[in-house]
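Undergrad: Just so you know, we're using my numbering here: the sequence shown kicks off at 11 and counts up by one. For every residue, glycine included, the Cβ atom is placed at its ideal position computed from N, Cα and C. The model shown is predicted, which means the values in this text are computed figures rather than measured ones. Take a look at this one; I'll ask things after.
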Amino acid sequence: MSFLQNVENVNVIVDETLVDIDSIEEQDHDPELQELLVAEWNLSPAIYAILIQHGFSVEYLKVMDDKSLDDVFSVETYYNPRDAKADKKHPSGLIYDRFHNRNKKKLVQAKSTPGTETIYSKEKTAALNLPEDYISKLTTLKNWLRNNFAPTEEVTQKWKDSLLLRLRSIINEADIDKGNVLSEWPRITDEAGYLLIDSDFDHLYGKSDELFDHWEEFSQNFLKYIRSSEIKDDRSRRLLDILSKPDICQELVVEKVHQVL
């Protein structure tokens, strides 16, 4: 059987998984081999990706035999599924190894790249590590906000300045309904309280208006996602039950989604 006939048989195995030539490092490319396989022989770029990973060259293709080709394109070489009976917890083979290692590499790079930490994660860390003297200072702002609802400009500014203490309260609040947070920060329940919530959300997440512009689509997709996540802890399941009630008001949905996020 010719080389061309052999490689055509593996398209069904590799087309959808190894077609990403861009993932091959520049120094590993072989333009001559790529020209031969993809341009002249009109084969799938996946074939080129496979052979390049095995160190093949045009010269080697001239002398290789059917046995070496069968070794390269055997199904077992590319994917061996997990086998619980054999106590094999993970798949093996080139496809699994390549994508597992590539994704792991991307994950490590993402963790080590400066600037990838979100504003929320930074503020959360800061909120949970507030020094006592700063907590005392922010508590003064909180007490003022509890007893004053005007002037509006001062309320807004003190609300922004006290964000870390409020975030700390929300994170540490054990009550699933966050009832104590509402009593500690009663300006939330004012007629214009939603503007204060917008202020917090915009600072922590940015582009908050986009969420409300596409709320119906987002809420449906979000519920589908969390239902498919096989949530097991009791607190999250209770939140999901609340979110799934047909008569739940939109304001409560926003609050619960914020807690889940």
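One question on the structure: do Ala137 and Leu177 come within less than 7 angstroms of each other, judged by their Cβ atoms?
TA: If you number the sequence shown from 1, residue 137 lands on position 127. If you number the sequence shown from 1, residue 177 lands on position 167. It is a contact, given that the beta carbons lie within the stated cut-off.
Undergrad: Can you confirm whether the region 196-206 touches the region 144-160 when touching is taken to mean that 3 or more C-beta pairs between the two stretches lie within less than 8 angstroms?
TA: yes
Undergrad: Between the C-alpha atoms of Arg237 and Leu214, what's the straight-line distance to the nearest angstrom?
TA: Numbered from 1 along the sequence shown, position 227 holds the residue referred to as residue 237. Numbered from 1 along the sequence shown, position 204 holds the residue referred to as residue 214. So the alpha carbons of these two residues sit roughly 26 angstroms apart.
Undergrad: Assuming Glu142 and Leu174 are in contact, meaning their beta carbons sit under 8 angstroms apart, how far apart are those beta carbons, in whole angstroms?
TA: Along the sequence shown, read from residue 1 onward, the residue named residue 142 stands at position 132. Along the sequence shown, read from residue 1 onward, the residue named residue 174 stands at position 164. With a Cβ gap of about 13 angstroms, Glu142 and Leu174 do not count as contacting.
Undergrad: So, Tyr58 versus Gln44, is the Cβ gap smaller than 7 angstroms?
TA: Along the sequence shown, read from residue 1 onward, the residue named residue 58 stands at position 48. Along the sequence shown, read from residue 1 onward, the residue named residue 44 stands at position 34. Contact: yes.
Undergrad: CB-CB under 7 angstroms to Leu148, same chain, minus the five flanking residues each way: which ones, in chain order?
TA: To locate residue 148, count along the sequence shown from 1; it is residue 138. Cβ neighbours of Leu148 beyond the five flanking positions: Ser172, Leu174, Leu175.
Undergrad: Quick check on this structure: which residue in Lys170, Glu240, Asp243 has the alpha carbon closest to the alpha carbon of Asp210?
TA: Within the sequence shown, the letter at position 200 stands for residue 210. Looking at the Cα atoms, Lys170 is the closest of the given residues.
Undergrad: Can you give me the start and stop residues for the alpha helix (DSSP H) that Arg178 sits inside?
TA: Residue numbering aside, residue 178 sits at position 168 when the sequence shown is read from its first letter. Note, Arg178: alpha helix (DSSP H), 173-182.
Undergrad: Indicate the three-state DSSP secondary structure (helix, strand or coil) for Leu214 in the structure shown.
TA: On the sequence shown, residue 214 is found 204 positions in, with the first residue counted as 1. Looking at Leu214 - three-state DSSP - the assignment turns out to be helix.
Undergrad: How about Ile241 and Arg248: are their beta carbons less than 7 angstroms apart?
TA: Here residue 241 corresponds to residue number 231 of the sequence shown, with the count starting at 1. Here residue 248 corresponds to residue number 238 of the sequence shown, with the count starting at 1. Against a cut-off of 7 angstroms, the Cβ pair of Arg248 and Ile241 comes out as no contact.
Undergrad: As a quick exercise: from Val48, Thr150, Thr166, pick the residue whose alpha carbon is nearest that of Leu205.
TA: Within the sequence shown, the letter at position 195 stands for residue 205. Leu205 has its Cα closest to that of Thr166, out of Val48, Thr150, Thr166.
Undergrad: Per DSSP, what kind of secondary structure is Asp208 in: helix, strand or coil?
TA: Here residue 208 refers to the residue found at position 198 when the sequence shown is read from its first residue. Three-state result, Asp208: helix.
Undergrad: Alpha carbon to alpha carbon, how far is Glu86 from Glu69?
TA: Along the sequence shown, one-based indexing puts residue 86 at 76. Along the sequence shown, one-based indexing puts residue 69 at 59. With a pLDDT of 47 at Glu86, under the threshold of 50, the modelled position of that residue is not reliable, and the figure given next carries that caveat. C-alpha separation (whole angstroms): 26 angstroms.
Undergrad: Counting only the same chain and skipping the five closest in sequence on each side, list residues whose C-beta sits under 8 angstroms from that of Leu161.
TA: One-based indexing of the sequence shown puts residue 161 at position 151. This sequence places Pro at residue 161; Leu is not what is there. For Pro161, where only same-chain residues beyond five positions count, there are no Cβ hits under 8 angstroms.
Undergrad: Quick check on the DSSP output: the alpha helix (DSSP H) that includes Ile236 runs from which residue to which?
TA: For the purposes of this step, residue 236 is taken as the residue at position 226 of the sequence shown. First-last of the alpha helix (DSSP H) with Ile236: 225-237.
Undergrad: Does DSSP put Lys242 in a helix, a strand or coil?
TA: Here residue 242 refers to the residue found at position 232 when the sequence shown is read from its first residue. Here Lys242 sits in coil by DSSP.
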